[in-house]
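Residue numbers (the numbering used here), protein chains in the order written: chain A, 1 to 154; chain B, 155 to 974.
The next block holds one structure in the form of structure tokens; read it before the comments.
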Amino acid sequence: MTYRFNVNGDDVALDVPGMRRLLDALREDLGLTGTKEGCGEGECGACSVLVDGEVVDSCLVPVCQVDGREVLTVEGLAPQGGMDILQQAFLERGGAQCGICTPGMLMAARAYVDHGGAPVDEDIREAIAGNLCRCTGYTKIIEAIAAATTTGRT
Amino acid sequence: MTVTTRPPRVAPRPEAPVAPVRAPDVGDLGVGLARSFPLRREGPAKLNGTAMYTDDLVFPGAWYGQTIRSSEPHARLLGIELDPAFDWSKVVVVTARDIPGDNYVSLLTDDQPILVTDEIRHHSEPVCLLAASDRQTLREAKHRIRLLTEPLPAVFDPLEATQEFAHFALAKGDIEAGLAEAELVIEGTYRVGHQEQLYIENNAMIAVPRPDGGVTIHGSMQCPYYIHKALKRALRLSDAQAVVIQAETGGGFGGKEEYPSIIAIHAALLAQRLGKPVRMIYDRHEDLAATTKRHPAIVTHRTGVMRDGRLVAQDIEVVMDGGAYCTLTPVVLSRGTLHAGGPYACPNVRIRGRAVATNTPPNGAFRGFGAPQTEFAAEMQVNRIAETLGMSPLELRRRWVYRLGDETPSGQILRESVAGEEVLERAAEAAEFERTRVQTGRVRTDRLAGSGSVARSSDVLSSASQKVARGIGMALGWHGAGFTGSGEVKLASVASLELSSDGRLRVLTGSTEMGQGTKTIFPQLAAEQLGLPESSIEMAPQDTSIVPDSGPTVASRTAMVVGGLVIQAAARMRALVEDSTGRPFADSYLEYATEHDGLRIDQQFEPYPNVNFDDETYRGDAYPAYGWACAVAEVEVDLDTGETQVRSVVSADDIGKAIHPVLAEGQVEGGTLQGVGYATIEEIKLVDGRYLNDRLATYLIPTSLDAPRIEAILVESPFSGAPHGAKGVGELPMDMPAAAVVAAIHDATGVWIHDLPATPERVLAALHGIPPPPLPGISTISARSTEPAPSAQDAGTPEEALDPRPDAETDPQPLRGPQP
Chain A
1 MTYRFNVNGD
11 DVALDVPGMR
21 RLLDALREDL
31 GLTGTKEGCG
41 EGECGACSVL
51 VDGEVVDSCL
61 VPVCQVDGRE
71 VLTVEGLAPQ
81 GGMDILQQAF
91 LERGGAQCGI
101 CTPGMLMAAR
111 AYVDHGGAPV
121 DEDIREAIAG
131 NLCRCTGYTK
141 IIEAIAAATT
151 TGRT
Chain B
155 MTVTTRPPRV
165 APRPEAPVAP
175 VRAPDVGDLG
185 VGLARSFPLR
195 REGPAKLNGT
205 AMYTDDLVFP
215 GAWYGQTIRS
225 SEPHARLLGI
235 ELDPAFDWSK
245 VVVVTARDIP
255 GDNYVSLLTD
265 DQPILVTDEI
275 RHHSEPVCLL
285 AASDRQTLRE
295 AKHRIRLLTE
305 PLPAVFDPLE
315 ATQEFAHFAL
325 AKGDIEAGLA
335 EAELVIEGTY
345 RVGHQEQLYI
355 ENNAMIAVPR
365 PDGGVTIHGS
375 MQCPYYIHKA
385 LKRALRLSDA
395 QAVVIQAETG
405 GGFGGKEEYP
415 SIIAIHAALL
425 AQRLGKPVRM
435 IYDRHEDLAA
445 TTKRHPAIVT
455 HRTGVMRDGR
465 LVAQDIEVVM
475 DGGAYCTLTP
485 VVLSRGTLHA
495 GGPYACPNVR
505 IRGRAVATNT
515 PPNGAFRGFG
525 APQTEFAAEM
535 QVNRIAETLG
545 MSPLELRRRW
555 VYRLGDETPS
565 GQILRESVAG
575 EEVLERAAEA
585 AEFERTRVQT
595 GRVRTDRLAG
605 SGSVARSSDV
615 LSSASQKVAR
625 GIGMALGWHG
635 AGFTGSGEVK
645 LASVASLELS
655 SDGRLRVLTG
665 STEMGQGTKT
675 IFPQLAAEQL
685 GLPESSIEMA
695 PQDTSIVPDS
705 GPTVASRTAM
715 VVGGLVIQAA
725 ARMRALVEDS
735 TGRPFADSYL
745 EYATEHDGLR
755 IDQQFEPYPN
765 VNFDDETYRG
775 DAYPAYGWAC
785 AVAEVEVDLD
795 TGETQVRSVV
805 SADDIGKAIH
815 PVLAEGQVEG
825 GTLQGVGYAT
835 IEEIKLVDGR
845 YLNDRLATYL
855 IPTSLDAPRI
865 EAILVESPFS
875 GAPHGAKGVG
885 ELPMDMPAAA
895 VVAAIHDATG
905 VWIHDLPATP
915 ERVLAALHGI
925 PPPPLPGIST
935 ISARSTEPAP
945 SAQDAGTPEE
955 ALDPRPDAET
965 DPQPLRGPQP
């Protein structure tokens with residue numbers, strides 16, 4: 001069966017089994033390897049993407065569930081070669097270290113910012129609680145997201 | 155926050171020798187362009203999703219590799235049975251017989267086979283390898299293999315183990331006389347279990363056959379040259395035939411120091427056999443079940459003190475569980491032993507350490523490398539002694555902490571860069587330790603005095619507040635900078651700086667970037683020496699066919715040792731060019747490059763002056779310098795559930811020189827949280843030598859909601875042997891948080907938790923005087939395994955033989971994603 005959805009502004013059509021993981025469809029069928037697999041069971045959030053603006057673990061979402069929907073991945077955060085306000089804040093504040101959780105973390109942060117999130121420590125912690133980071137202790141990630149919420153939206 | 159330490163406030167003691175190494179000259183320390191701290195060099199690629207980690211690399215025609223592992227802790231391997239009903243022509247199978255070279259993973263000792271030949275020594279041990287062109291065929295094939303085995307008796311308790319990997323002994327003064335002289339002798343036994351590094355990127359290797367008969371490895375790793383060496387020996391390859399290239403690496407923490415060698419060899423064996431690229435990408439379950447963990451340890455202290463607080467004797471015994479094979483265990487034990495007394499001057503010391511073999515998966519490198527285990531015990535002991543003496547833990551440490559000129563148990567005189575006092579005062583002040591301790595102590599005393607009077611159920615608010623107890627705790631740590639003993643001298647690392655004929659400047663080192671900032675600070679250091687912007691310095695890829703062996707990226711040595719070599723290479727290049735052209739480097743190097751067809755400086759490590767260690771007697775300067783750090787933790791303990799929430803941690807860390815404060819703070823914050831996880835939730839549970847919680851649903855690490863507010867205070871007490879004064883930052887902040895958190899739990903509740911992690915079960919057991927859960931780090935034995943074994947037992951059903959967790963009732967199957 002063919003599934004049609006929108007990824008980062010582009011319409012795509014994939015002829016794949018409906019239960020194929022969205023993660024695999026993105027990485028292997030569409031070549032969007034910015035989305036990472038950390039655990040494959042919805043625990044780490046490294047594979048987070050936005051589906052119609054909501055954060056999901058793409059390892060837990062079968063491709064049939066995104067039929068007709070809009071998917072946003074890290075590659076779609078900013079025009080090629082650019083960075084959005086969150087990416088810039090992560091870069092300047094040291095929010096990315098090894099970088100493997102970063103794409104998923106950015107997607108969770110993007111949803112927070114897009115939903116009108118404020119630079120409030122507790123709220124930001126709640127917003128990224130599904131995204132594990134082993135490098136930063138979360139300190140600089142939270143600072144970066146707070147900075148992005150105060151600097152304005154992209 | 156960065157605090158630069160002025161010349162020591164405490165004068166050297168009269169018997170201390172004059173500092174024999176030169177003091178840093180003005181201009182040696184960070185000045186000029188580097189003041190503006192560059193952004194993380196590979197940051198944009200990591201942030202926009204274009205950074206290529208191993209699993210992101212595409213090699214057309216690549217097959218998928220799989221490791222078939224043992225499902226028993228100790229057994230004789232009788233055979234590997236392939237189901238004749240399956241079409242094996244679609245699959246490649248590799249066993250130990252197919253290894254062209256020596257069947258050992260080259261490291262310290264030849265004991266760990268690449269694939270089992272006859273004796274299985276731990277659960278999840280690699281027995282044979284499969285590859286198929288698609289994942290579906292691979293999954294089918296692995297269910298059609300049976301391991302025929304005969305069980306052998308297994309050893310799980312390190313105290314009952316008979317095989318020893320290493321032992322060390324340190325002595326100073328007269329321990330018996332010291333203990334006899336002491337007015338009080340305080341004893342304690344502390345146990346820590348396994349901890350998983352839990353880099354978010356699982357281990358991953360891709361092997362690609364080369365036209366010259368060799369193999370190129372692309373993978374996630376800390377140490378390309380470890381893999382290079384191991385590959386050459388296993389596959390009988392020349393230097394040029396074995397090429398190892400680091401892909402972007404999603405965290406290491408020691409977990410990608412030595413273990414990647416075996417994965418690379420496995421992938422290479424399959425690739426060689428097939429003549430096609432082979433992807434060996436671990437999933438989280440395999441990574442947790444099979445790869446190395448932090449060594450469990452049992453540390454026993456007897457400490458002699460006088461009632462006025464003087465420390466007179468430390469008698470310490472360390473037992474570490476190495477697991478089934480040696481890996482890096484002797485070196486881990488060595489560091490653990492050398493740090494076991496903590497950063498305290500004591501006239502009479504005996505420290506004995508041994509590491510033993512058990513039938514559990516091998517343990518290996520993890521941030522701190524033996525020190526977090528023994529320093530946890532040392533700081534527990536200090537905090538308990540302070541309580542016994544009725545003294546403040548801060549005041550006791552002020553009296554004991556090493557000062558300039560003091561002598562360590564290995565006979566090392568601390569001649570410079572001694573900042574224990576400084577970090578202690580900084581952390582205590584920033585956390586308002588004494589003021590908070592008085593408050594929490596008063597509340598605790600009131601509550602315990604009124605115990606039995608449980609909050610009135612009519613007063614919900616009062617009841618809620620009384621269920622949560624607040625506490626504050628402190629721990630002080632030290633961490634030897636760089637390799638232990640003569641390690642750096644033996645490594646003789648090289649870093650190079652290249653000026654090409656077309657004027658491009660490039661740093662060449664084998665030091666890897668895994669998030670800590672190598673690729674950012676090396677160009678920064680070189681640029682600073684050359685008087686150029688850092689953007690004009692390139693970094694060569696970590697490819698063994700291009701870069702020299704700069705030693706492994708471990709032991710917090712990269713900034714200090716290899717960074718020092720980069721600075722020296724740049725200084726030499728600048729001098730050569732300026733001598734030749736008579737003009738400043740920045741104005742003349744392009745012209746020099748054209749005229750001289752480029753220039754390359756290979757800078758080899760030279761021993762730090764007056765730093766000597768004797769491996770035979772185990773005495774001398776164990777480390778060229780030490781980092782010093784103090785953590786103060788505040789916790790809330792739920793008295794009903796036993797759950798601990800760590801609210802805040804202040805960590806003051808003396809790292810010699812903060813080359814890049816943003817990156818350095820990131821190291822302190824990340825290390826602190828790993829220490830908090832170690833203290834509270836991170837524990838591997840074992841049954842019959844098998845890791846039970848081998849999934850991310852059951853092995854928990856702190857989330858953003860579990861993480862405390864972390865305040866990093868960087869203190870700079872420079873080490874004169876390194877041109878920039880830096881001592882390393884990666885591991886130091888991991889050493890103290892566990893003891894600080896447990897001290898805070900005690901401050902809140904009045905009970906001591908001797909075993910890590912301080913889980914709700916352990917806290918409740920201590921609060922209510924009920925038996926605690928099983929000891930950390932030691933496998934329990936299931937009823938099934940005690941049944942008489944059949945004379946020749948196979949590995950069970952194929953599922954059981956392959957799934958390392960066939961019937962894990964205590965580890966309920968988590969929700970899994972849809973399979974493609």
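Virtual Cβ for every residue (Gly too), placed ideally from N, Cα, C.
- [ ] Name the two residues that bound the continuous alpha helix (DSSP H) containing Asn202 (chain B).
- [x] Translated into the one-based positions of the second sequence, residue 202 (chain B) becomes position 48. Run containing Asn202 (chain B): 197-202, per the alpha helix (DSSP H) assignment.
- [ ] Could you check which residue in A:Ile142, A:Gly38, A:Pro17 has the C-alpha nearest to that of Asp29 (chain A)?
- [x] Within the first sequence, residue 29 (chain A) is the residue found at index 29, counting from 1. Ranking A:Ile142, A:Gly38, A:Pro17 by Cα distance to Asp29 (chain A) puts A:Pro17 first.
Task: Residue-level contact to chain A via CB, Ala401 (chain B), 8 Å cutoff - done: Along the second sequence, read from residue 1 onward, the residue named residue 401 (chain B) stands at position 247. False, the Cβ-Cβ gap to chain A never drops below 8 Å.
Open item on the list: Just to confirm the assignment: which complete alpha helix (DSSP H) runs, minimum length 4, are found wholly within the stretch 773-834 of chain B?
Closed with: 815-834
TODO: Consider the Cβ of Glu43 (chain A): report whether some Cβ of chain B lies at a distance smaller than 8 Å.
DONE: Taking the first residue of the first sequence as position 1, residue 43 (chain A) is located at position 43. With 8 Å as the cut-off, Glu43 (chain A) counts as an interface residue toward chain B.
Open item on the list: Between Leu91 (chain A) and chain B, is the shortest Cβ-Cβ distance under 8 Å, so that the two count as touching?
Closed with: Taking the first residue of the first sequence as position 1, residue 91 (chain A) is located at position 91. Yes, its Cβ sits closer than 8 Å to a Cβ of chain B.
TODO: Please check the pair Ala467 (chain B) and Gly477 (chain B), which I expect to be a contact at CB under 8 Å, by giving their CB distance rounded to whole angstroms.
DONE: Against the second sequence, residue 467 (chain B) aligns to sequence position 313. Against the second sequence, residue 477 (chain B) aligns to sequence position 323. So it is not a contact: roughly 33 Å between Cβ atoms.
- [ ] List in chain order: all unbroken alpha helix (DSSP H) runs of 4+ residues lying wholly within the stretch 619-673 of chain B.
- [x] 641-645
Task: Residue interval of the beta strand (DSSP E) (run including Tyr498 (chain B)) - done: Here residue 498 (chain B) refers to the residue found at position 344 when the second sequence is read from its first residue. It is not in any beta strand (DSSP E) - Tyr498 (chain B) carries neither H nor E in the DSSP assignment.
TODO: Determine the closest residue to Pro254 (chain B) out of B:Gln426, B:Asp792, B:Phe767, with distance taken between C-alpha atoms.
DONE: Counting from 1 along the second sequence, the entry for residue 254 (chain B) is found at position 100. Out of B:Gln426, B:Asp792, B:Phe767, B:Gln426 has the C-alpha closest to the C-alpha of Pro254 (chain B).
Open item on the list: Considering only the alpha carbon of each residue, which of B:Glu652, B:Ser243, B:Gly781, B:Ala286 lies closest to Val869 (chain B)?
Closed with: Numbered from 1 along the second sequence, position 715 holds the residue referred to as residue 869 (chain B). Cα-wise, what sits closest to Val869 (chain B) is B:Gly781.
Open item on the list: On the CB-based measure, 16 or more other CB atoms within 10 Å of its CB, does Asp57 (chain A) come out buried or exposed?
Closed with: Sequence index remark: in the first sequence, residue 57 (chain A) carries index 57 (1-based). By the neighbour-count rule (16 or more Cβ atoms within 10 Å), Asp57 (chain A) is buried.
- [ ] Spell out whether any CB of chain B is found under 8 Å from the CB atom of Met107 (chain A).
- [x] As a working note, residue 107 (chain A) is residue 107 in the first sequence. No, Met107 (chain A) lies away from the interface with chain B (no Cβ there is under 8 Å from its Cβ).
Task: 7 Å Cβ cut-off: residues of chain A touching Lys200 (chain B) - done: The sequence position of residue 200 (chain B) within the second sequence is 46, counting from 1. Near Lys200 (chain B) (Cβ distances below 7 Å), the residues of chain A are Ala96, Gly99, Thr102.
Task: Where Gly197 (chain B) meets chain A, residues with beta-carbon distance less than 7 Å - done: Within the second sequence, numbered from 1, the residue matching residue 197 (chain B) stands at position 43. By Cβ distance, chain A contributes Leu91, Ala96.
Task: Reduced DSSP secondary structure (H/G/I, E/B, other) of Trp906 (chain B) - done: Numbered from its first residue, the second sequence carries residue 906 (chain B) at position 752. Correct three-state label for Trp906 (chain B): coil.
Task: Exposure of Thr316 (chain B), with buried meaning 16 or more beta-carbon neighbours within 10 Å - done: Against the second sequence, residue 316 (chain B) aligns to sequence position 162. Thr316 (chain B) should be labelled exposed.
TODO: Note the first and the last residue of the continuous alpha helix (DSSP H) segment covering Tyr853 (chain B).
DONE: Taking the first residue of the second sequence as position 1, residue 853 (chain B) is located at position 699. Taken as a continuous stretch (DSSP letters only), Tyr853 (chain B) belongs to no alpha helix (DSSP H), as it is neither H nor E.
TODO: Report the neighbours of Leu352 (chain B) on chain E: residues whose CB is nearer than 7 Å to its CB, in chain order.
DONE: Judged by its chain identifiers, the structure shown contains no chain E, and its protein chains are A and B.
Task: Any chain A beta carbon closer than 8 Å to Ala851 (chain B) - done: Mapped onto the second sequence, residue 851 (chain B) falls at position 697. For Ala851 (chain B), the answer is yes, since a Cβ of chain A falls inside 8 Å of its Cβ.
TODO: Identify the continuous beta strand (DSSP E) that holds Asp441 (chain B) and give its terminal residues.
DONE: Along the second sequence, one-based indexing puts residue 441 (chain B) at 287. It is not in any beta strand (DSSP E) - Asp441 (chain B) instead sits in the alpha helix (DSSP H) that spans 438-444.
Open item on the list: Am I right that Ala897 (chain B) and Met545 (chain B) are in contact with their C-beta atoms under 8 Å? What's the rounded C-beta distance?
Closed with: For the purposes of this step, residue 897 (chain B) is taken as the residue at position 743 of the second sequence. For the purposes of this step, residue 545 (chain B) is taken as the residue at position 391 of the second sequence. No, Ala897 (chain B) and Met545 (chain B) are not in contact; Cβ-Cβ is about 14 Å, not under 8 Å.
TODO: Check the DSSP bridge columns for His455 (chain B) and list the partner residues they point to.
DONE: Taking the first residue of the second sequence as 1, we reach residue 455 (chain B) at position 301. His455 (chain B) is bridged to B:Gly342, B:Ile470.
Task: Environment of Ala205 (chain B) [buried if 16+ CB atoms lie within 10 Å] - done: Your numbering for residue 205 (chain B) matches position 51 in the second sequence. With 16 or more Cβ atoms within 10 Å of its Cβ, Ala205 (chain B) is classed as buried.
Open item on the list: If I measure Cβ to Cβ from Val701 (chain B) and keep anything under 7 Å in the same chain, skipping five residues before and after, which residues do I get?
Closed with: Translated into the one-based positions of the second sequence, residue 701 (chain B) becomes position 547. The answer, listed in chain order, is Leu662, Thr663, Gly664, Ala694.
Task: Burial state of Gln376 (chain B), where buried means 16 or more other Cβ atoms lie within 10 Å - done: In the second sequence, counting from the first residue as 1, residue 376 (chain B) sits at position 222. Label assigned to Gln376 (chain B): buried.
Open item on the list: If you measure between the beta carbons of Ala912 (chain B) and Ala806 (chain B), is that distance less than 8 Å?
Closed with: Residue numbering aside, residue 912 (chain B) sits at position 758 when the second sequence is read from its first letter. Residue numbering aside, residue 806 (chain B) sits at position 652 when the second sequence is read from its first letter. No; because the gap between Cβ atoms is not below 8 Å, this pair is not in contact.
Task: C-beta contact flag for Pro103 (chain A) and Gly203 (chain B) at 8 Å - done: Here the question's residue 103 (chain A) lines up with position 103 in the first sequence. Here the question's residue 203 (chain B) lines up with position 49 in the second sequence. Against a cut-off of 8 Å, the Cβ pair of Gly203 (chain B) and Pro103 (chain A) comes out as a contact.
TODO: Scan the stretch 421-438 of chain B for residues whose Cβ lies nearer than 8 Å to a Cβ of chain A and list them as they occur along the chain.
DONE: Asp437, Arg438
Task: Reference His297 (chain B); option with closest CA among B:Arg275, B:Ala511, B:Asp241 - done: The residue you call residue 297 (chain B) lines up with position 143 of the second sequence. That would be B:Asp241, whose Cα lies nearest to the Cα of His297 (chain B).
TODO: Using DSSP bridges, identify the partner residues of Ile124 (chain A).
DONE: The residue labelled residue 124 (chain A) in the question sits at position 124 within the first sequence. For Ile124 (chain A), which the question treats as bridged, DSSP gives no partner whatsoever.
- [ ] Could you check the C-alpha separation between Ile924 (chain B) and Arg916 (chain B) for me, to the nearest Å?
- [x] Locating residue 924 (chain B) in the second sequence gives position 770, where the first residue counts as 1. Locating residue 916 (chain B) in the second sequence gives position 762, where the first residue counts as 1. Taking the straight line joining both Cα atoms gives about 9 Å.
Task: Nearest-angstrom Cα separation, counted from Tyr138 (chain A) out to Ala861 (chain B) - done: Taking the second sequence and counting its residues from 1, the one referred to as residue 861 (chain B) is at position 707. Taking the first sequence and counting its residues from 1, the one referred to as residue 138 (chain A) is at position 138. Approximately 7 Å, taken between the alpha carbons.
- [ ] Please classify Val508 (chain B): is it buried, with 16 or more other beta-carbons within 10 angstroms of its beta-carbon, or exposed?
- [x] Here residue 508 (chain B) refers to the residue found at position 354 of the second sequence. It should be noted that the sequence gives Arg, not Val, for residue 508 (chain B). By the neighbour-count rule (16 or more Cβ atoms within 10 Å), Arg508 (chain B) is buried.
TODO: Could you have a look at Met206 (chain B) and say whether DSSP puts it in helix, strand or coil?
DONE: Within the second sequence, residue 206 (chain B) is the residue found at index 52, counting from 1. Met206 (chain B) falls in the coil class under three-state DSSP.
Task: Per-residue contacts from Ile864 (chain B) into chain A (C-beta, under 8 Å) - done: For the purposes of this step, residue 864 (chain B) is taken as the residue at position 710 of the second sequence. Neighbours of Ile864 (chain B) on chain A, chain order: Gly137, Thr139.
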